[in-house]
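Undergrad:
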């Protein structure tokens, strides 16, 4: 399996899209740090970019990669390698490639401009987020044979997770504002990996604001060791569960 | 020299010298040592006359309920410690022209009924309390109904307990012309407490980690507080029901909590807030029922809300302030705006300056749609920095509908104001 991962990893790098992504992230963060006089504002812009770009690129790239390597997968299936190993290799190779891209594209500027603990936190949450987006994309693409339909669904899901879902939370809070919703919101946040990553980063960066009113409750929860374990535990679940679904479907699939 | 040994001659001499001594400009000096069983501080005070200095030498004195009513100076030599043994007020000053300096006073009594303090001044004037340490007392320095008080370079360290069982660090009630300079106060309920105190100055003090307010200020007119540092207090600083207050060059840092403010202003009129720094507070300044205030050249950095201006405020002028990296610049609770904002620098401003005069050509609206949503539904705070919220704010900026239309900076600066 390591050999297979390495092979796919090399194949992805040859594709140059990952390198382009890395250069793009690096350039944007570099420019942001240079243009903004206070680095915390630059950090905010980078956070916004990371939260939009990372899930989008990870999902779309994973979907396209899966469809493009369909013939390769077929070839591999003819070999005495289990289906589980083939899909896992695809997943890990993609995850590795995107992690390297994020580390180089976001990590380097963050280190160069000494963004401190905020920067490290941004990286440690965006990388699991990327892995979970890849897993989600796999869970969809394995089940949809048609390429256009598959990519379309992935795009739609990205749109739902990053925009519509927050709208629904906002709507719920508006319409049920008479009820104590704080704990329920915590649950709702956990149902969306992008929200979960955002909240955990935001708690590091906007602590003063969050200390007010209900913010204190969120801070108490997410700021504690328990909350830390909760955030990463749920993010891990968001990797494992979609991956499990993908494996399950891939196992039964008639290729 | 036979004459001196003769009592017949010497008595008039002695009497003469005594009268000379008593009426002379030289004040008497009394020394107190810790091991001197014959002379306690209380006895020394009883023996002293107006203008005398009592030198208390280093060591531990277990005394309480010391009462000073004469115009004398109590001066510590080599940091003597007076231990009140948790019994009532340690030192009470009630007179005029009294100095207390260089003494450590510790362990006063505690009471929920009476204002028990390490140093207590009552009905006094011209009092100097300088370079003392007041440790583990209920109230640190408690002054009431007094005039011309100087409290300088003292260190007041309390033992924080429950809010209702802990006294204030430096507490002034009904005083006039007080000067509170360069003190360090921590671990009390309120660091510095002013009630009915007029024409006074609070300067260069450091008030850290007190349970409630770093400075609590009520019904106190014509006062100034300058160059103080208020750090990590439970609820920041509260200034209420006062007029003609000047607040300059103070630092408000990390006052965090659900009801913590850099400054909480309630019913303040005709006052000035200038050149202060607000750094990492939940709310920089909270305005409620204030009028005719001038808020000039302040710096707000990394606060949750830089300012909350309630609709009950009128004729306040916000000029030449800098707003940097705050989660929200301004929040309000209504649509009525009777205040003016000009020439402030807002780091979130996205306008342009075509004629290069350093002033943006389109006004800046410091109240975002999201800050209004959060004000009404605090739980939505969880959506901070969400992409959806960014879109909503952008849309509201383009077509304002819910944000108060008159709350705007007509002349936002392109570059930071120099303070």
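Protein chains in written order, with this note's numbering: chain A, -7 to 247; chain B, 2 to 420.
All C-beta atoms, glycine included, are put in the ideal place defined by N, C-alpha and C.
None of these values were measured; they are calculated from a predicted model.
Please report the residue range of the beta strand (DSSP E) in which residue 270(B) lies.
TA: 262 to 270 is the span of the beta strand (DSSP E), which, as asked, contains residue 270(B).
Undergrad: Name the chain A residues whose beta carbon is nearer than 8 Å to that of residue 402(B)?
TA: Per Cβ cutoff of 8 Å: no residues; residue 402(B) is ~16 Å from chain A at best.
Undergrad: What are the residues that DSSP puts in a beta bridge with residue 306(B)?
TA: Bridge partners of residue 306(B): 284(B) and 329(B).
Undergrad: Ignore the nearest five residues each way along the sequence and tell me which others in residue 34(B)'s own chain have a CB closer than 6 Å to its CB.
TA: Excluding residues within five positions, the ones whose Cβ falls inside 6 Å are 58.
Undergrad: Quick check: the Cα distance between residue 52(B) and residue 42(B), rounded to an integer number of angstroms?
TA: Straight-line Cα distance between these residues: approximately 16 Å.
Undergrad: Span of the alpha helix (DSSP H) holding residue 125(A)?
TA: Residue 125(A) -> alpha helix (DSSP H) spans 108 to 133.
Undergrad: Just to confirm my understanding: we take residue 405(B), look at its own chain, exclude 5 residues before and 5 after, and list those with CB closer than 8 Å. What are they?
TA: 333, 335, 336, 337, 338 and 368, listed in sequence order.
Undergrad: So, using beta-carbon positions, are residue 254(A) and residue 123(A) closer together than 7 Å?
TA: As displayed, chain A neither begins before -7 nor continues past 247, which places residue 254(A) out of reach and without an answer.
Undergrad: With three or more beta-carbon pairs closer than 8 Å as the criterion, would you say the stretch 157 to 164 of chain A touches the stretch 72 to 79 of chain A?
TA: Not touching, per the Cβ criterion.
Undergrad: For the putative contact between residue 198(B) and residue 179(B), defined by C-beta atoms under 8 Å, what is the C-beta separation to the nearest angstrom?
TA: Right, their Cβ atoms sit about 6 Å apart.
Undergrad: Check whether the Cβ atoms of residue 423(B) and residue 346(B) sit closer than 7 Å, and answer yes or no.
TA: Nothing can be reported for residue 423(B), as the shown portion of chain B is limited to 2 through 420.
Undergrad: According to DSSP, is residue 171(B) helix, strand or coil?
TA: Of the three classes helix, strand and coil, the one that applies to residue 171(B) here is strand, per DSSP.
Undergrad: Tell me the DSSP secondary structure of residue 425(B) in three-state form.
TA: The structure shown does not extend to residue 425(B), since chain B is modelled only from 2 to 420, so the question has no answer here.
Undergrad: Short check: CB of residue 268(B) to CB of residue 242(B), under 7 Å?
TA: Contact flag set, yes.
Undergrad: So, are the CB atoms of residue 220(B) and residue 196(B) less than 7 Å apart?
TA: Yes; because the gap between Cβ atoms is below 7 Å, this pair is in contact.
Undergrad: Starting from residue 78(B), follow the beta strand (DSSP E) in both directions and report where the run begins and ends.
TA: Residues 74 to 78.
Undergrad: With a threshold of 7 Å between beta-carbons, can residue 41(A) be considered close to chain B, or not?
TA: Judged by the 7 Å Cβ criterion, residue 41(A) is not in contact with chain B.
Undergrad: Since residue 161(A) meets chain B, which of its residues come closer than 7 Å, beta carbon to beta carbon?
TA: Near residue 161(A) (Cβ distances below 7 Å), the residues of chain B are 384.
Undergrad: Within the continuous alpha helix (DSSP H) that includes residue 225(B), where are the two ends?
TA: Not the alpha helix (DSSP H): residue 225(B) falls in the beta strand (DSSP E), residues 225 to 227.
Undergrad: Using the rule of at least 16 other Cβ atoms within 10 Å of the residue's Cβ for burial, across every protein chain shown, is residue 168(A) buried or exposed?
TA: Exposed, since its Cβ has fewer than 16 Cβ neighbours within 10 Å.
Undergrad: How big is the Cα-Cα spacing for residue 5(A) and residue 11(A)?
TA: Rounded to whole angstroms, residue 5(A) to residue 11(A) spans 7 Å at the Cα level.
Undergrad: Going along the chain, which residues of its own chain have a beta-carbon closer than 7 Å to the beta-carbon of residue 330(B), five neighbours each way excluded?
TA: Hits under 7 Å: 307, 324, 347, 349 and 367.
Undergrad: Using a Cβ-Cβ distance cut-off of 7 Å, determine whether residue 26(A) contacts chain B.
TA: Answer no: the Cβ-Cβ gap between residue 26(A) and chain B never drops below 7 Å.
Undergrad: Along the stretch 161 to 176 of chain A, what residues have a CB closer than 7 Å to any CB found in chain B?
TA: Of all residues in the stretch 161 to 176 of chain A, 161, 162, 165, 166, 169, 173 and 174 have a Cβ within less than 7 Å of some Cβ in chain B.
Undergrad: Between which two residues does the alpha helix (DSSP H) holding residue 76(A) run?
TA: Counting along the chain, the alpha helix (DSSP H) containing residue 76(A) begins and ends at 75 to 94.
Undergrad: Which chain B residues sit within Cβ distance under 7 Å of residue 20(A)?
TA: None at all; the shortest Cβ gap to chain B is about 16 Å.
Undergrad: Closer than 7 Å, Cβ to Cβ, to anything on chain A: give me those residues from the stretch 341 to 368 of chain B, in chain order.
TA: So the close ones are 348.
Undergrad: May I ask you to verify whether the stretch 115 to 123 of chain B touches the stretch 142 to 149 of chain B, counting CB pairs closer than 8 Å and requiring at least 3?
TA: Yes: the two stretches touch, three or more of their Cβ pairs being nearer than 8 Å.
Undergrad: Would you report the Cα separation of residue 80(B) and residue 54(B), rounded to the nearest angstrom?
TA: Residue 80(B) and residue 54(B): Cα-Cα distance of roughly 16 Å.
Undergrad: Counting C-beta neighbours from all protein chains within 10 Å, is the total for residue 107(B) 16 or more, i.e. buried, or is it exposed?
TA: Flag for residue 107(B) reads buried.
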